[in-house]
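The block underneath contains the structure these notes are about, expressed in structure tokens.
Number of protein chains: 2
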Amino acid sequence: MGKSAELRHTDVTGTLPSAGGADVLFWGSLFHSLDRGGSFLQLQIRQMIVTAIEDGRLPLGIRMPSSRDLASVLKVSRNTIVIAYEQLVDQNFLVSRERSGYFVAGLPKHIGAATREGVVAPSDADERWAGRFALKPSATRNIVKPLDWQAYPYPFIFGQFDPSLFPTNDWRESARAALSVPEINNWARDLIDGDDPALIEQLQLQVLPRRGIRARSDEIMMTIGAQHALYLIAKLFISPATRVGIEEPGYPDARNIFGMLTSNVVPLRTDGDGLVPDDALESCSLAYVTASHQCPTAVVMPLARRQQLLQAARARDIVLIEDDYEGELMPEGPELPPLMSLDRSRNVLYVGSLSKALAPGLRLGYVVAPAPVIKELRALRRLMLRHPPLNNQRVAALFIGLGHYRTHLQQVARVLLERARILDRLLPEHLPDCTWSRGAGSTHYWLSCRPGTDTTKLAERARAEGVVIEPGDVFSMDENASRHCFRLGFSSIRTDRIEPGIRQLGQVIARTR
Amino acid sequence: MGKSAELRHTDVTGTLPSAGGADVLFWGSLFHSLDRGGSFLQLQIRQMIVTAIEDGRLPLGIRMPSSRDLASVLKVSRNTIVIAYEQLVDQNFLVSRERSGYFVAGLPKHIGAATREGVVAPSDADERWAGRFALKPSATRNIVKPLDWQAYPYPFIFGQFDPSLFPTNDWRESARAALSVPEINNWARDLIDGDDPALIEQLQLQVLPRRGIRARSDEIMMTIGAQHALYLIAKLFISPATRVGIEEPGYPDARNIFGMLTSNVVPLRTDGDGLVPDDALESCSLAYVTASHQCPTAVVMPLARRQQLLQAARARDIVLIEDDYEGELMPEGPELPPLMSLDRSRNVLYVGSLSKALAPGLRLGYVVAPAPVIKELRALRRLMLRHPPLNNQRVAALFIGLGHYRTHLQQVARVLLERARILDRLLPEHLPDCTWSRGAGSTHYWLSCRPGTDTTKLAERARAEGVVIEPGDVFSMDENASRHCFRLGFSSIRTDRIEPGIRQLGQVIARTR
């Protein structure tokens with residue numbers, strides 16, 4: 073409260089002497105974070121006034137500057153201020169008094185009059201809590217990407233979408249349509265264990281057929297991203313005695329999810345054709361597979377191997393979780409059908425994602441599975457969180473239904489293919505010490521450096537020079553097995569940054585020799 | 073494919089003889105679900121054409137009707153059709169040929185050319201799957217509300233929001249602001265285990281202080297509705313040996329979540345002051361409490377009982393999960409501080425919700441807890457689904473930041489208080505056989521009928537006459553204990569429907585004597 077008390081006694085009158093002084097300083101500080109280049113200037117100003125009233129910097133009775141004065145201080149049109157003030161009067165944050173201006177109305181009384189006291193949090197010793205937890209999820213080994221990757225000039229990271237590829241106008245059109253009154257009535261409800269039927273229908277009509285998959289509406293369920301689909305499936309199928317197979321190297325998040333539920337996580341061998349259906353697989357009742365592009369080696373499983381795998385699953389009654397995590401992102405050459413579309417014995421549960429192609433922040437994934445599985449997954453999801461937000465489901469349904477999803481995928485594919493072609497040319501030239509794999513349609517390369525290389529250290533050095541890559545150790549259960557490898561993604565880096573980025577990376581690697 | 077083949081051979085030419093015939097029938101059927109009263113007519117038409125192209129009803133090369141003819145068939149302005157056609161040309165769904173009109177372009181080749189074959193799902197026997205599941209979530213006893221409750225004239229159900237109270241214009245303003253390019257760049261990202269800092273800040277500034285709670289940003293985490301918060305806390309704290317207390321009667325979803333993790337779920341006695349801090353509580357290491365309004369009895373826990381409870385928690389080191397599920401919805405009389413704001417020994421984890429006041433379909437809840445707990449909850453949430461969709465977090469941050477949340481709560485409170493006053497007057501008159509409780513600020517009543525009444529049957533009979541109530545059995549661990557009780561909510565029923573609804577309900581109850 074120190075700061076706000078100090079500001080209070082400056083006795084702000086709302087008249088702004090153009091010569092400067094405490095008043096100008098005060099009002100200037102109130103709006104110091106105004107982004108004049110940003111849109112919605114009037115909204116920003118309103119938000120700042122509301123915030124200052126809420127946190128006590130603008131107490132009851134204070135006269136606001138005249139619209140002319142504030143407009144001049146903030147260098148915005150006077151009309152912007154007038155509209156903002158009038159809206160705040162409508163909301164009872166300000167009152168207007170004829171000929172004397174706008175005054176802070178103080179906060180309406182009947183909400184929250186009670187207990188503004190609150191508690192000040194004492195510091196909490198970690199140890200005090202640690203003994204109470206049934207598990208310690210923070211101890212899992214995870215993929216680490218810098219959250220501020222957009223600040224680096226050469227972010228070769230995977231799965232973080234390039235904002236320049238976001239279909240802004242088409243998404244806006246769909247989002248606005250979902251704000252009509254009848255649409256709001258559709259999505260505002262709690263559907264308990266349901267999903268938006270319009271989105272399920274669009275998946276059936278426009279999304280799944282591209283992967284050769286037909287499904288009834290009771291065979292599909294939406295999730296909060298593909299990750300959530302994996303979690304729900306794992307929770308439904310895995311008890312402490314369950315043997316679960318995961319590709320080695322493989323997807324760390326899947327391994328971590330399985331590892332929370334059973335100590336019998338079995339590494340499954342992979343080769344240049346992906347997962348090898350051997351005895352280890354046959355010892356499992358559940359296995360995680362990335363047939364379209366093996367995570368992280370990016371190899372494509374050939375048709376014959378897919379058939380072998382399905383045959384093993386049928387013979388041993390193994391449930392396969394197929395994570396088709398970027399199945400449709402970048403068609404390149406002849407496409408192979410996912411396991412789900414080849415499976416005649418119904419051993420496959422299919423996990424897909426809409427947000428990967430659009431924006432990971434949206435978190436829209438789905439599961440396709442036999443109806444009895446979906447029924448239990450829905451009951452489990454109901455317990456856990458009911459359903460993914462319905463407004464986003466409806467926007468996605470409109471976006472797909474209006475043909476924008478198809479158009480968007482074409483646009484994305486064009487850009488990604490161009491990037492892949494550039495990298496195919498640059499890697500041999502600038503990274504001569506490395507070998508790599510990237511199957512058709514994959515948006516990343518998996519590179520192996522000279523034996524003995526520690527790519528965690530390499531990634532640190534590269535990052536210091538603006539290049540972000542993902543070290544390989546975390547992808548293996550035995551972290552030494554892939555310590556000399558790294559993942560190089562190209563879905564988040566601007567096309568014109570690829571060449572200087574690879575050049576830079578090549579120099580970093582050369583220096584580590 | 074039968075249907076589409078049949079339509080194909082009608083040899084549609086796109087000329088629509090005004091006299092009628094197969095052509096008119098075909099085009100009419102294509103647009104039969106057009107909602108002329110709805111907004112976004114042009115979008116609807118585009119969506120129907122895209123759908124028909126995608127599912128094969130409009131094959132490659134078909135000539136579309138002229139804009140004049142289609143406009144006349146659909147009774148819309150010709151310009152609407154022209155705009156729709158032009159947009160579809162831009163998206164390559166149609167091609168325009170000079171002087172001869174618009175033709176279906178067929179689908180762009182390079183996506184999904186592969187495997188349109190797909191599999192037809194064989195029927196899946198439940199038994200085949202049942203043996204593979206580690207749990208059977210569908211077997212839990214749940215609150216059952218008809219999904220089509222809006223179709224009943226008198227929906228006295230709890231927690232399903234009245235669409236007429238949704239702040240349409242203010243929400244739209246916030247949602248549109250979140251569609252600016254800089255905002256999209258903010259929310260399109262994957263934040264791994266993070267949340268939108270702007271929303272956390274608004275909770276700290278505008279939402280929590282009303283409940284007397286101050287929290288640092290590392291003491292708050294967003295969830296997919298309050299249900300998700302309960303699930304995460306339960307998962308973090310409960311092992312099979314953990315004794316978890318739940319109020320009896322109590323919230324079935326919490327009981328179900330706990331019951332999935334431990335068989336030691338302990339019913340805790342409640343009285344007219346809410347949860348009783350007795351030996352049963354002291355035997356637990358974790359307990360679920362609804363102090364503000366006990367679920368389902370709706371009684372308010374007095375200050376002295378709150379202090380007793382906190383003292384017991386401190387003495388026995390019990391973690392209390394406080395579900396403040398409608399703490400701020402309807403201030404009525406002097407407000408009592410939640411346990412969290414009275415707790416000096418940091419034994420309380422607080423669960424709140426934004427979507428209850430706005431729209432349950434949005435699924436926006438949150439947890440306030442000591443930082444070491446939030447740290448583990450974030451790691452767990454990361455494994456489970458990463459984070460709640462960021463676009464919704466940003467819209468909510470703008471909505472609160474612009475003062476709309478405060479204004480909306482006042483508006484909602486006014487309407488709900490009026491409804492409560494009407495019910496306070498009507499219940500003694502029309503339901504003389506029942507007794508009831510409703511503490512200040514609760515949006516539902518808990519009614520007890522004559523001993524021996526089965527409210528499941530009563531609810532069925534009432535529903536047949538248009539009145540929806542929620543039977544009480546599911547709220548108790550011993551389902552016979554509250555079989556004669558029911559919950560009567562008033563947040564979803566229009567104010568003018570309350571009187572005829574209660575009259576009707578009174579007649580149904582009178583007839584069961």
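Just so you know, the protein sequences line up as chains A and B, in that order. 73 is the number of the first residue of the first sequence in the numbering used here; add one for each residue after it. 73 is the number of the first residue of the second sequence in the numbering used here; add one for each residue after it. Glycine included, every Cβ here is placed at the ideal spot set by N, Cα and C.
| query | With contact counted as at least three CB pairs below 8 Å, one residue from each stretch, are the segment 410-421 of chain B and the segment 371-387 of chain B in contact? | reply | yes
| field | Buried or exposed by the 16-neighbour rule on C-beta atoms within 10 Å, applied to residue 483 (chain A) | value | exposed
| request: Taking residue 545 (chain A) as the reference, give the member of A:528, A:534, A:536 with the closest Cα. | output: A:528
| Pairwise C-alpha distance: residue 401 (chain A) and residue 567 (chain A) | 17 Å
| task | Select from the segment 299-316 of chain A all residues with a C-beta closer than 8 Å to any C-beta belonging to chain B, and list them in chain order. | result | 299, 300, 303, 307, 308, 309, 310, 311, 314
| query | Straight-line CA distance for residue 311 (chain B) to residue 410 (chain A)? | reply | 38 Å
| Given 8 Å, three or more beta-carbon pairs between the segment 392-401 of chain A and the segment 519-537 of chain A | no
| said: Pairs of beta-carbons, one from the segment 437-451 of chain A and one from the segment 299-318 of chain A, closer than 8 Å: are there three or more? | reply: yes
| message | What does the alpha-carbon distance come out to for the pair residue 547 (chain A) and residue 553 (chain A)? | response | 9 Å
| message | Residues of chain B with CB closer than 7 Å to the CB of residue 570 (chain A), please, in chain order. | response | Under the 7 Å cutoff, chain B gives no residues; its nearest Cβ is about 21 Å from residue 570 (chain A).
| field | First and last residue of the uninterrupted alpha helix (DSSP H) at residue 477 (chain A) | value | 476-502
| said: Let me make sure I understand the geometry here. Which of A:349, A:480, A:511, A:576 has the alpha-carbon closest to that of residue 493 (chain A)? | reply: A:511
| Cβ-based burial, residue 163 (chain B) [other Cβ within 10 Å; buried from 16] | buried
| task | Following the continuous alpha helix (DSSP H) through residue 209 (chain B), name the residue where it begins and the one where it ends. | result | Note, residue 209 (chain B): premise wrong, no alpha helix (DSSP H); not H, not E.
| CA-to-CA distance, residue 342 (chain B) to residue 428 (chain B), given in whole angstroms | 25 Å
| field | DSSP three-state assignment for residue 240 (chain A), whether helix, strand or coil | value | helix
| query | Can you name the start and end residues of the alpha helix (DSSP H) that residue 471 (chain A) belongs to? | reply | 462-473
| Hey, is residue 249 (chain B)'s beta-carbon within less than 8 Å of any beta-carbon in chain A? | yes
| Distance between beta carbons of residue 285 (chain A) and residue 412 (chain A), contact taken as under 8 Å | 5 Å
| query | Cα separation between residue 452 (chain B) and residue 269 (chain A)? | reply | 30 Å
| said: Let's see if you can read the secondary structure: which residues bound the beta strand (DSSP E) around residue 507 (chain A)? | reply: 507-509
| task | Take residue 560 (chain B) as the anchor and find which of B:506, B:118, B:479 has the nearest alpha-carbon. | result | B:506
| request: Indicate whether at least one CB of chain A lies closer than 8 Å to the CB of residue 267 (chain B). | output: no
| query | Taking buried to mean at least 16 other C-beta atoms within 10 Å of its own C-beta, is residue 462 (chain B) buried or exposed? | reply | buried
| task | Taking residue 256 (chain A) as the reference, give the member of A:231, A:472, A:467, A:423 with the closest Cα. | result | A:467
| query | residue 558 (chain A) and residue 542 (chain A): beta carbons closer than 8 Å? | reply | yes
| Comparing the C-beta of residue 98 (chain B) with each C-beta of chain A, is any distance below 8 Å? | no
| query | Hey, is residue 212 (chain B)'s beta-carbon within less than 8 Å of any beta-carbon in chain A? | reply | yes
| Does residue 259 (chain A) get closer than 8 Å to chain B when you measure Cβ to Cβ? | yes
| message | Any beta carbon from chain A within less than 8 Å of residue 292 (chain B)'s own beta carbon? | response | no
| message | List, in chain order, every chain B residue whose beta-carbon is nearer than 7 Å to that of residue 201 (chain A). | response | 442, 444, 445
| request: Note down, in chain order, every chain B residue with its Cβ under 8 Å from the Cβ of residue 17 (chain A). | output: Look at the range of chain A in this structure, 73 to 585, and you will see that residue 17 (chain A) is not part of it.
| request: Can you check the segment 322-401 of chain A for any beta strand (DSSP E) of at least 3 residues that lies completely inside it and give the ranges in chain order? | output: 337-343, 358-361, 391-395
| query | Just the Cα atoms here: how many angstroms apart are residue 141 (chain B) and residue 178 (chain B)? | reply | 22 Å
| field | Residue(s) in a DSSP beta bridge with residue 516 (chain B) | value | B:561
| task | Return the chain-ordered list of same chain residues with a C-beta closer than 7 Å to the C-beta of residue 350 (chain B), the five sequence neighbours on each side being excluded. | result | 341
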